[in-house]
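Taking it in order: structure first as structure tokens, then the write-up.
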Ligand code: KG4
Ligand code: ZN
């Protein structure tokens, strides 16, 4: 397993996340996340320039705090992992610069990690993790993908969104309904008070026969519904519920199709939308009928965090595939 600790640094968007993985114990020692949500809320979305500057302010104190919480001295660090992309360029560079500088000063390797690899492996931080291989449904603000995960660095893309990601659809729809930022949690909270089916929204690409998704049409359908003469604020919860059901039904149906296609029996859900309660309930119910086991990362590991980056870097190091490449050593083999 190795000795020492691996530090993980995440700064791709509006969260500064630091994780510390204990190699000898084979578990997470500590992690800290600082969310910039309050900073960006007034603008209705993430302002890249402000995000970068706030990462600069937070990152070193947060690293100190995490090392202390995990009982790790600097000379016990065996490697520094960091998110290399995708994400906001300025924000990513803050994490990359700090990680490369620390690695150089400590004379340990710096390991660039693809943000999505972090999300894909995050379920392994759970107390009862899945075994390889498994199907991963990755649903974040930037991505909606189905992957076959066979091992560290062995990811096969089965299908993805041709336009908006599921989280993006939640955010954009919430914005046009006047629910503020971040929209996903606000919209799903409103949906819990409504009844699906009172509005009729499409289930995009439900019967497309492949594992592709499309969510950009849904927000337009919601916009059209809000502009109808019989629409009033009183019906907003029902509209939100129907929107949530539409997204969840498609995600669920395609995830099950991916399991059928691969013959695998384990489904892992990762990314911010994985926090959605309706999605969780729907998947668990559907899976239990099919003898499939569904794994959700802890809520704190669903959204962006440094723990998943520390884990991915530790796993790459142990698997001997930590050598950095330009794209962060992340290979997705298209079908
Ligand atoms: O993985 P994540 O934290 O960041 C990215 O890498 O994108 O995902 C954030 C996304 C946002 O679009 C947010 O609105 C969505 O996840 N989200 C939710 C919920 N919680 C977060 N969407 C639906 N229901 C939720 N409960
Ligand atoms: Zn993310």
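Numbering (full-length UniProt numbering), first residue to last: 7 to 341.
Ideal Cβ positions, reconstructed from N, Cα and C, are used throughout, including at glycine.
Since we're looking at a predicted model, the values are computed, not measured.
Which residues bound the beta strand (DSSP E) around residue 297? Neither: residue 297 is in no beta strand (DSSP E) and is coded neither H nor E.
Confirm, please, whether the CB-CB distance from residue 281 to residue 34 is below 8 Å. no
Touch check for the region 161-181 and the region 212-230: three-plus C-beta pairs under 8 Å? yes
Compute the Euclidean distance between the alpha carbons of residue 263 and residue 223, then round it to the nearest angstrom. 22 Å
May I have the straight-line CA-CA distance separating residue 44 from residue 90, to the nearest angstrom? 25 Å
Roughly how many angstroms separate the alpha carbons of residue 98 and residue 17, rounded to a whole number? 5 Å
Which residues share a DSSP beta bridge with residue 160? 157
What residue range does the beta strand (DSSP E) around residue 118 cover? 116-120
How would you label residue 63, buried or exposed, when you count the other beta carbons within 10 angstroms and need 16 or more for buried? exposed
Throw me the rounded Cβ distance for the residue 76 and residue 26 pair, which I believe falls under 8 Å. 4 Å
Relative to the alpha-carbon of residue 28, which residue among 38, 112, 10 has its alpha-carbon at the smallest distance? 10
Please determine, among 324, 326, 317, the residue with the shortest C-alpha to C-alpha distance to residue 132. 317
Give me the Cα-Cα distance between residue 40 and residue 320, rounded to the nearest whole angstrom. 22 Å
Go through its chain and collect everything with a Cβ distance to residue 340's Cβ below 6 Å, but skip five positions before and after it. Confidence at residue 340 is low in this model, with a pLDDT of 43, below 50, so the placement of that residue should be treated as unreliable; the coordinate-derived value is given next. Contacts found: 163.
For residue 226, count neighbouring C-beta atoms within 10 Å of its own C-beta (all shown protein chains included) and say buried if the count is 16 or more, exposed if not. exposed
When a residue counts only if its C-beta is closer than 5 Å to some heavy atom of the ligand ZN, which residues count, in chain order? 146, 310
Please list the terminal residues of the continuous beta strand (DSSP E) segment that includes residue 37. 33-41
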